[in-house]
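Quick notes on the structure that follows.
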Amino acid sequence: MQGSSSCNDKRRKPYSVLVNFGYIVKEEDRTKKLSIYIHGAGEGKKVEALKENPAVSFSCECGVEVDSLGDKADACKWTCYYESVIGFGKVRFLEKSPEKTEGLDSLMLHNGYKIPAGVKKIAYGMMELAKTMVACIDVEEVSGKRHIRNKKKSESL
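Just so we're on the same page, the numbering used here is the position in the sequence shown counted from 1, plus 1343.
Given below as structure tokens:
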């Protein structure tokens, strides 16, 4: 599953890019805190824009399915089923190895990686880890919406 991360670039123009992501929910002071992790090369337009302005918006959707509801000729009968999330936060670039590996682990596991039997943690090469940019979006606000099959109307989460 991919999502998108959006921010303003140095010209203050909106900039949105598709990203693979992972997430971790932790409880701090009886409050759940959502952190979203993204990765990429340590250079380029995405990194420049995020360094210039760490305020971001993110979104993702899953289960997207278009359905004609049995009447392909009537455009007004078509619908789309989906679940979606949108949120806002601030991005931090992770420099220390334990933080970077926690972020990469969440990303790998969210995207289907299975830790082999007998292995306790995911191993990353030192060179690859050093050259990979890992950033954490500290989520400040999040909401969701879905329209799923067998429901009469869409609902906000």
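We put the CB at the ideal spot given by N, CA and C, even for glycine.
Residue i versus residue j - alpha carbon distance
i: D1417; j: L1447; result: 46 Å
i: K1433; j: A1398; result: 5 Å
i: I1429; j: S1359; result: 13 Å
i: S1378; j: I1480; result: 6 Å
i: N1396; j: N1351; result: 7 Å
i: E1445; j: K1376; result: 15 Å
i: L1393; j: Y1366; result: 18 Å
i: A1384; j: M1470; result: 13 Å
i: F1431; j: A1473; result: 28 Å
i: K1420; j: G1487; result: 24 Å
Supposed close pair residue i, residue j - CB separation, criterion 8 Å
i: H1490; j: Y1424; result: 6 Å
i: E1442; j: E1426; result: Their Cβ separation, rounded to whole angstroms, is 29 Å, which puts E1442 and E1426 out of contact at 8 Å.
Local conformation of residue i per DSSP, three classes
i: E1484; result: strand
i: K1474; result: helix
i: K1376; result: strand
i: A1418; result: helix
Residue range of the alpha helix (DSSP H) that includes residue i
i: V1390; result: K1388 to E1395
Boundaries of the beta strand (DSSP E) in which residue i is found, first to last residue
i: L1361; result: P1357 to E1371
i: V1399; result: A1398 to D1410
Runs of alpha helix (DSSP H) lying entirely within the stretch 1423–1457, each at least 4 residues, in chain order: 1440–1453
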